[in-house]
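> If you read the sequence shown in numbering that gives the first Met the number 0, its first letter stands for residue 0, the second for the next number, and so on. Beta carbons: idealized from backbone N, C-alpha and C, even for Gly. One structure is given below, represented as structure tokens, and several questions about it will come after.
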Amino acid sequence: MCITAHPDDEAGGFGGTLRLYREKGMETCVVCLTPGQAATNRGGAKSDDELAAMRRKEFAASCEILKVNKGIVLDYPDGKLHRQDLYRVVCDLTQHIRDFRPHVLMTFGPEGGVTGHTDHSMAGVFASLAFQWAGRENRFPDQLANGRAPHRAQKLYYSTSNFAIPGRPPVTPPPATAIIEIGEHLETKIAAFKAHTSQSPLWKMFEENIRRRGTCELFHLAASAKVGTLERETDLFAGITADS
Ligand SMILES: [Zn+2]
């Protein structure tokens, strides 16, 4: 499961990995907190609602290319995730984790990824709390009715990078502890980004940045159900046990 802030975030730091693990037979899910209605590039939309509707469709098309099993766009306001009620958003995400029951959760770190966008930071903070709380029966106990059970995902990863975008305020990223070789799925994730037609003015910059990054996606292991010392990984599912 991958938790993001905006339609198109799923492609950048996570797209190759999402597609790769689908190919390996894992079920995948992306939960995007906002429909991206505050974007600068508006694809001719006349209102925020129109842009939101357009971007929900583009997100679905991108998920189709990445072969994501379940793509969900929630309705939080783009650009304002830091002004939302933390308990409410974490409650929502906790329920999605308890329903989908992922082994591995991916999101942004609190630095907000390579762009340092506040929405990315907040998506990471909310997701990190939901990761921890979904497994505890004393958190959001009213969700635990009708057969829904607590769920402890086994690993939490933050997307990270080994480059900075020139001209932006500095971000301090978490170190890469897992390097995922996505190979030909570099092209798949560029195609997924281009499913976001309203964002076409960003395509060129995205493609340049992503090609410079090459065929690796980098992650930081932020939490693990197995206690131990840190090892450099090349597989996000290393050490995962199937039955939990
Ligand atoms: Zn974003």
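Indicate whether Phe107 and Ala122 have their beta-carbon atoms separated by less than 8 Å.
Position 108 of the sequence shown holds residue 107. Position 123 of the sequence shown holds residue 122. Against a cut-off of 8 Å, the Cβ pair of Ala122 and Phe107 comes out as a contact.
> What residues in its chain sit with their C-beta under 6 Å from that of Cys90, if we drop five residues either side in the sequence?
Start at 1 with the first residue of the sequence shown, and residue 90 comes out as number 91. Here the set comprises Phe139.
> Output the boundary residues of the alpha helix (DSSP H) element that contains His184.
One-based indexing of the sequence shown puts residue 184 at position 185. Annotation: the continuous alpha helix (DSSP H) that includes His184 extends over His184 to Lys193.
> Buried or exposed for Met105, going by 16 or more other Cβ atoms inside 10 Å?
For the purposes of this step, residue 105 is taken as the residue at position 106 of the sequence shown. The residue is buried, with at least 16 neighbouring Cβ atoms inside 10 Å.
> On the three-pair Cβ rule with 8 Å, is the segment 191-210 touching the segment 4-12?
yes
> Give me the Cβ distance between Arg97 and Ala133, rounded to the nearest whole Å; I'm assuming they're in contact under 8 Å.
Stepping through the sequence shown from its first residue, residue 97 is reached at position 98. Stepping through the sequence shown from its first residue, residue 133 is reached at position 134. Their Cβ separation, rounded to whole angstroms, is 5 Å, which keeps Arg97 and Ala133 in contact under 8 Å.
> Sort out for me which residues DSSP pairs Val103 with in a bridge.
Along the sequence shown, read from residue 1 onward, the residue named residue 103 stands at position 104. DSSP links Val103 through a beta bridge to Lys154.
> Excluding the 5 residues preceding and the 5 following Arg21 in the sequence, name in chain order all residues of the same chain whose CB lies nearer than 6 Å to its CB.
Residue mapping note: residue 21 aligns to position 22 of the sequence shown, counting from 1. Counting only Cβ-Cβ distances below 6 Å, and skipping sequence neighbours, we find Thr27 and Lys66.
> Please report the residue range of the alpha helix (DSSP H) in which Val124 lies.
In the sequence shown, residue 124 corresponds to position 125, counting from 1. First-last of the alpha helix (DSSP H) with Val124: Thr117 to Trp132.
> Apply the 10 Å Cβ neighbour rule to Lys188 and answer buried if 16 or more other Cβ atoms are within range, or exposed otherwise.
What you label residue 188 is simply residue 189 of the sequence shown in a count that begins at 1. Result: buried.
> What is the DSSP secondary structure of Arg18, counted as helix, strand or coil?
Along the sequence shown, read from residue 1 onward, the residue named residue 18 stands at position 19. Of the three classes helix, strand and coil, the one that applies to Arg18 here is helix, per DSSP.
> If you count every other CB in all the chains shown that lies within 10 Å of the CB of Ala241, and 16 or more means buried, which is it?
Within the sequence shown, residue 241 is the residue found at index 242, counting from 1. Burial call: exposed.
> Would you grab the beta carbon distance between Gly115 and Pro168 for me? Rounded to a whole angstrom, and I think it's under 8 Å.
Locating residue 115 in the sequence shown gives position 116, counting from the first residue. Locating residue 168 in the sequence shown gives position 169, counting from the first residue. Right, their Cβ atoms sit about 6 Å apart.
> What number of angstroms, rounded off, separates the C-alpha of Cys62 from the C-alpha of Leu17?
For this step, residue 62 is matched to residue 63 along the sequence shown. For this step, residue 17 is matched to residue 18 along the sequence shown. The straight-line gap from Cα to Cα measures roughly 9 Å.
> Consider the C-beta atom of His81 and the heavy atoms of ligand 1; say whether any pair is separated by less than 7 Å.
For the purposes of this step, residue 81 is taken as residue 82 along the sequence shown, with counting starting at 1. No, Cβ of His81 sits at least 7 Å from all heavy atoms of ligand 1.
> With DSSP as the reference, label Val29 as helix, strand or coil.
To locate residue 29, count along the sequence shown from 1; it is residue 30. Three-state result, Val29: strand.
> Identify which residue in Pro109, Gln94 and Ser158 has its Cα closest to the Cα of Gly146.
Looking up residue 146 in the sequence shown gives position 147. Among Pro109, Gln94 and Ser158, the Cα nearest to that of Gly146 is on Gln94.
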